[in-house]
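Take 7 as the starting number for the sequence shown in the working numbering and just add one per residue.
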Amino acid sequence: MKHSFPRPRLLVSRCLGFAACRYDGAQLSSKVVETLKGHVDFVDVCPEMEAGLGVPRSPIRLCLKNQEVEVWQPAESRTVTAALSGAAERQLKNIADCDGAILKSRSPSCGLFDAKVYAGVEQPQFLRWESGVFGKLVLANLGQKAVDDEQRLTNIILREHFLIKLYVWTRFREISAKPKMGDLVNFHASHKLLFLAYNQSRFRACGRITANHKQLPAVEVFQLYETEMGKILAKPFRRQAMVNTLYHAYGWIAKEVSSQEKHYIINTFEEYRDERIPLQAATRLIEAQAIRFQREYLLGQTLLHPFPLELSDLSDSGKGRKVK
Ligand code: SF4
7 MKHSFPRPRL LVSRCLGFAA CRYDGAQLSS KVVETLKGHV DFVDVCPEME
57 AGLGVPRSPI RLCLKNQEVE VWQPAESRTV TAALSGAAER QLKNIADCDG
107 AILKSRSPSC GLFDAKVYAG VEQPQFLRWE SGVFGKLVLA NLGQKAVDDE
157 QRLTNIILRE HFLIKLYVWT RFREISAKPK MGDLVNFHAS HKLLFLAYNQ
207 SRFRACGRIT ANHKQLPAVE VFQLYETEMG KILAKPFRRQ AMVNTLYHAY
257 GWIAKEVSSQ EKHYIINTFE EYRDERIPLQ AATRLIEAQA IRFQREYLLG
307 QTLLHPFPLE LSDLSDSGKG RKVK
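What follows is the structure, encoded as structure tokens:
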């Protein structure tokens with residue numbers, strides 16, 4: 007069955023496959039970014055280049071000075087805090103309608119969670135991890151969307167969560183362009199199983215917003231829904247909750263399948279529970295049965311096709327599960 011998917015707008019650190027702009031003149035590669043090529047519209051940004059630091063350039067680092075984090079360029083003995091912060095802020099209008107971001111880990115500019123902060127300028131000792139200058143702004147402005155770094159996205163759980171979020175936010179952006187209550191009702195209905203796997207009580211809160219008993223204007227309802235949906239998707243779904251949802255979906259076809267098929271489907275769900283197969287292996291099985299028995303309700307659920315199948319990737323580093 008061929009599905010059509012919207013085209014996400016994705017912010018990406020430019021050095022991740024778009025230009026040789028790293029401080030040492032290198033260009034990096036990221037498998038997840040490569041895989042997304044052809045599926046998304048990239049907005050590539052290099053804050054250090056935008057700040058006029060050139061390439062190659064001496065490395066910069068974040069240092070604590072007078073209780074403030076300063077961006078220091080040791081080889082030049084100068085601070086570039088204002089230049090980098092200004093450059094990062096100038097990007098905000100370009101990235102405002104992005105559905106997500108993949109930024110370079112550990113960078114003092116792009117890092118989201120793991121830029122090193124040193125205790126001082128003169129005798130640098132590692133002090134703590136925090137967001138880089140641009141990473142902090144991205145989290146403040148796009149934090150509800152699909153935002154992560156390329157290193158954490160080598161982890162299959164975080165990557166699946168990221169891709170699900172990316173496409174949910176893209177679908178929502180599309181219907182938000184001209185807010186109509188009918189579109190929101192359809193959106194909510196088609197995300198039911200997916201959102202139930204994430205957070206049942208918040209899904210119900212979204213339902214109350216969609217019911218719009220106070221007869222609010224559609225624009226206001228969309229804003230309320232957006233805030234609540236951000237909370238639904240704030241954390242990856244728990245595998246147990248997803249397995250429960252798979253069984254819930256299975257309930258729609260359970261009476262029709264043979265005992266042999268039932269055995270096969272349940273085994274597949276359990277393999278998913280044991281982290282031996284990706285989510286889409288289980289959902290495609292339900293989808294095949296939904297096609298066979300013409301279960302239109304199931305076929306309309308984004309849970310069965312949350313993102314293009316070509317983006318599914320079994321590889322897993324296991325990294326980053328405890329970072330966020
Ligand atoms: S990490 Fe960010 S600032 Fe550094 S080279 Fe890559 S895009 Fe530029």
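Virtual Cβ for every residue (Gly too), placed ideally from N, Cα, C.
A Cβ-Cβ separation of about 18 Å leaves Leu-90 out of contact with Pro-130 under the 8 Å criterion.
Residue pairing from DSSP places Val-18 in a beta bridge opposite Asp-50 and Ile-108. Within the chosen limit of 7 Å, ligand 1 does not reach the beta carbon of Pro-312 with any heavy atom.
Per DSSP, the continuous beta strand (DSSP E) segment holding Asp-155 begins and ends at 152-155.
Rounded to the nearest angstrom, the gap between the Cα atoms of Ile-163 and Pro-242 is 8 Å. Relative to ligand 1, even the nearest heavy atom lies 7 Å or more away from the CB of Lys-8. The segment 55-83 contains, as complete beta strand (DSSP E) runs of 3+ residues, the segments 67-71 and 74-79 (chain order).
Contact between the segment 60-71 and the segment 173-183 is not established, with fewer than three Cβ pairs separated by less than 8 Å.
Per DSSP, Leu-118 is not a residue of any alpha helix (DSSP H), being assigned neither H nor E. Boundaries for Phe-132: no alpha helix (DSSP H) harbours it, while the beta strand (DSSP E) harbouring it runs 132-136, taken from the DSSP string. Of Phe-119, Tyr-124, Arg-28 and Leu-291, the smallest CA-CA separation from Leu-70 is found for Tyr-124. Closest in alpha carbon position to Ile-259, among Glu-276, Lys-110 and Tyr-303, is Tyr-303. In the DSSP assignment, Val-127 falls outside any alpha helix (DSSP H) and carries neither an H nor an E.
For Cys-21, the shortest separation between its Cβ and any heavy atom of ligand 1 lies below 7 Å. The DSSP-derived three-state label of Val-123 is strand.
Secondary structure of Lys-8 (DSSP, three-state): coil. Relative to ligand 1, the beta carbon of Arg-301 is positioned no closer than 7 Å to any heavy atom. Contact between Leu-17 and Val-144 holds: their C-beta atoms lie close to 7 Å from each other, under 8 Å. The residue from Arg-214, Ala-288 and Thr-85 with its alpha-carbon nearest to that of Met-248 is Ala-288.
8 Å or more divides the Cβ of Lys-142 from the Cβ of Asp-105. Straight-line measurement puts the Cα of Thr-85 at about 18 Å from the Cα of Ser-137. Sorting Trp-135, Met-55 and Phe-132 by C-alpha distance to the C-alpha of Gln-97 places Met-55 at the top. Ranked by how close their Cα comes to the Cα of Ala-146, the residues Ala-102, Val-46, Ile-66 and His-9 have Ala-102 in first place. In the three-state reduction of the DSSP assignment, Lys-241 falls in the coil class. Relative to the non-hydrogen atoms of ligand 1, the Cβ of Arg-134 never comes closer than 7 Å to any of them.
About 6 Å separates the beta carbons of Tyr-204 and Leu-239, which is inside the 8 Å limit, making them a contact pair.
Using a Cβ distance threshold of 8 Å, Arg-15 and Val-49 count as a contacting pair. When the five nearest sequence neighbours on each side are left out, the beta carbons in the same chain lying within less than 7 Å of the beta carbon of Leu-133 are those of Leu-70, Val-123, Tyr-124 and Ala-125, in order along the chain.
Around Arg-20, the same chain offers Cys-27, Asp-50, Val-51, Cys-52 and Met-55 as residues with beta carbons nearer than 8 Å, after the five sequence neighbours per side are excluded. In the structure shown, the three-state DSSP call for Lys-37 is helix.
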